[in-house]
Every structure is written in C-alpha cells, then in structure tokens.
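Chemist: Here it is, the structure, as structure tokens.
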Amino acid sequence: MSRIPFDEKELQVIGTHRTGATEMFRNMGIELPEQEPLFNRPITAKENYRLLFTGKKPYWVPTAGWAFCDVNVFRPRMNPDNVATHIVFDGEPPYEYESNTMRSTWFDLDWVYVPVAAGATVQPGSPKVPDINRWEDYVTMPDLDALDWKGCAEKNKEYLNTPQMNQLGILSGFWERLMSLMDVDNAAVALIDEDQQEGVHRFFDRYADLLIDYIDRMKKCCDIDCVLIHDDWGHQNGPFFSLQTAREMLVPYLRRVTDAVHERGMFFELHSCGKNETLVPAYIEAGVDMWCGQPINDMKMLARKYKDQPFVFGMPDPAIPEGASDEEVEKLAEKWFEELKDCRVSAAFMTPNQVFLNTLYRVSREAYAAEE
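Numbered as in numbering that gives the first Met the number 0, the sequence shown ends at 371 without a single skipped number.
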C-alpha cells in the first residue's frame, strides 16, 4: 500500500510542548524558547521511530536530541541522581538549585555540576569503593521501593502526553558507574586486572538487576517509548578500553538491559561520548538501537559501513555557515539527505536550524514515499 504524498500542510505547527532542556542549554549560553512546536505529521514521531528501529522505511528522517526534535526527554526528579547532576526534565515546575555540588542518595555520592559543560562528575581523589572485590562493604544498591512511583506517574502524565518519542534517560551506565565509585584510573585497571575482574562482574550483574527493575517499574507507571543510558566509553583521542575488553566486561550486562527494554516493547539509545569508532561492533552486539556519536567520529563513514546492521547512527550538526541564506541552507539539507539516504540514520543536531529541518523533512518524506 503506497503512502500518501507529501503535503505542505505537514509543515504547519498544530501545537506546542514545553521545552524540557532549556536550563541545560542556558548554562551553555544558548537561549531556547520555553515551548517547542508540534507539527502536522501524517503519523506520530514515535510511530515513525518505530518504523526505523524495526528495519522498515520511516516516513521521514527522524530527529534526535535534547530539544526541538522528535524526542521528548524525560528525567524525573524522583530519581536522586537526576537532581544531584542537574538533569531534571519532567512535568513539574523548574527545579530551584541552590548549589552546584549535591549528594545523591544513590551510592551516597557527591556530584559537582559544571554549568558550561552542562554535566556533573564525582570529585576524584577519594573513591567510594577502594576495592571492587569488596564493593558490598562500601555501597549498597538503591532501594527502588523508597521512590514515589504513583506520584511520579501523576505529576508527569501531561508531560508525557505527546506524539514525540518519550525517552527515559538514566545517568550512569556500567562504565560510568564504575568510574564514579572508583575514579577513572582505578576503574580502568579493574576492567583488565584478573585479580579484580570477578568483583567487577559481580557488581555489574547486580547493577544490571537494578537498571532493569527501574526501567520495568517506570514503564508500568509512565508512558515511555525509549530508554537512554549515559555511558561514555571514550575520550577525545580514543576509547578508554579495547574492543576485546568491552566485549568481555561490558557487553553481556548492557545486553541484559537492552533485551529487557526490547521485551517491554521499547527501544534503546546509548549516549556514549568519545572517539569510539572502533567500539561500534560492541554497541551492535549489545543490542543498542541508536548511538548519536560526537563529530570527532567519522559518522558518515560509520553509517555507510554498518548500513546493513540493525543500528541507527545519530548524525551531528552539519556545517551551516553563519549568515547563510534560506536557499543555501535548503541546498545543504538536500545534500545531507542525498549522501545518507541509503543509511539508517537520525538527525541529531545540538542547535537545530528550522529551515534545514523543514527541508530535510520534505525531501526525505518525498523520497521515502516514492520508494514505497
């Protein structure tokens, strides 16, 4: 059955939705409007993403990101990590912070928020877990029964009432959690030290249980379509560890989480900063559905290399010259799509240009409809 042809009415704004990430962008010197537009699409953004993630042709190239895209970022303040790290995005009034250093009851860690980076880290030098083989002596797993699940559902019902893909964000994946507890140098050694690997495996196994339980409860009380977990596997020059180490120490536990996400009818995005091109096979083996890599990676090369894999690459901002005319921006969007039309991609732009996005929507919508 052929799809209905593109209609210019699809570019009309039919409503608005609260922009969830305004405070984060403001800290980086970027002012975003308090409301983002909802457009007159032939299907919802979440339905379009479902087509892409299940290997079918989407209606248009979907857009990922923190705001002004097809994703509705959801980080409820019920999770103490979200509060301590200044990444609360939910249906309640803006959180009033009094300090950039806050303690999370999850693993009893102090997080230091750096506004210009819009991120937080645990101050190094005094690791909470000095010996991973005895981690049970230093920390306990968070008590999910202590969270107000009913209140979270009630307070966020309207916030999640959107055609966008509601994405539950979780701060720390396996590697980042290990770093927060041990400091990065100790954590890196623990991954490859035969005398410590058993302790790491035991911790990751229990941590996977926690993540799966948290996701399961959240899915039951809130309307979520996708789960994103932060786990930065690299730095500006390369990965923190080898592909072999990732496969041995991280993939089995991440795979447990992605399997649980998929079993519940959702999709999984890994937020993983760093120059991680060589680790893409591990992402795929772990069951990740999408990775929006930083521009330090050759994302176009990766999208072409793995285009036959069930894996979506979120492509970073195109280089739009300052002062470019609308006609020039439209040509850039057409070129962007032409180069990637045969790949499994999403547009993951940090500061979206609406002319570019409207053009990308139109050309991809027309091209995909013609293919059908």
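All C-beta atoms in this analysis are idealised placements derived from N, C-alpha and C, irrespective of residue type, glycine included.
Keep in mind it's a predicted model, so treat the numbers as computed, not measured.
1) What is the DSSP secondary structure of V12, counted as helix, strand or coil?
2) Using CA coordinates, which residue listed in T43, Q353, D192 is at the minimum distance from P57?
3) What residue from P294, D109, W110, K156 has the CA that sits closest to M217's CA?
4) If we ignore side chains and look at the alpha-carbon of each, how far apart do A368 and F202 end up?
5) Is the number of C-beta pairs between the stretch 127 to 137 and the stretch 67 to 74 that are closer than 8 angstroms three or more?
6) From A66 to E268, what does the alpha carbon distance come to, in whole angstroms?
7) Determine, using beta-carbon pairs with one atom in the stretch 36 to 50 and one in the stretch 323 to 333, whether at least three such pairs fall under 8 angstroms.
8) List the endpoints of the continuous alpha helix (DSSP H) containing Y112.
9) Looking only at C-alpha atoms, which of E365, F310, P317 sits nearest to G54?
10) Quick check on DSSP: helix, strand or coil for T104?
11) Considering Q166, what are the terminal residues of the beta strand (DSSP E) in which it resides?
12) Closer than 7 angstroms by C-beta to T21: which residues in its own chain qualify, once you throw out the five before and the five after it? Chain order, please.
13) Using the three-state DSSP reduction, which class does E97 fall into: helix, strand or coil?
14) Straight-line CA distance for L146 to R2?
15) Measuring only the C-alpha atoms, how far is F173 from Y158?
16) Hey, out of M298, N26, M164, whose CA is closest to F266's CA?
Modeler: Considering the structure as presented:
1) Note: V12 maps to strand in three-state DSSP.
2) T43
3) K156
4) 48 angstroms
5) No contact exists between the stretch 127 to 137 and the stretch 67 to 74.
6) 16 angstroms
7) no
8) For Y112, there is no enclosing alpha helix (DSSP H); the residue is found in the beta strand (DSSP E) stretching over 108 to 113.
9) F310
10) Three-state result, T104: coil.
11) 164 to 169
12) Excluding residues within five positions, the ones whose Cβ falls inside 7 angstroms are L31, E33.
13) coil
14) 45 angstroms
15) When rounded, the separation of the alpha-carbon atoms in F173 and Y158 is 29 angstroms.
16) M164
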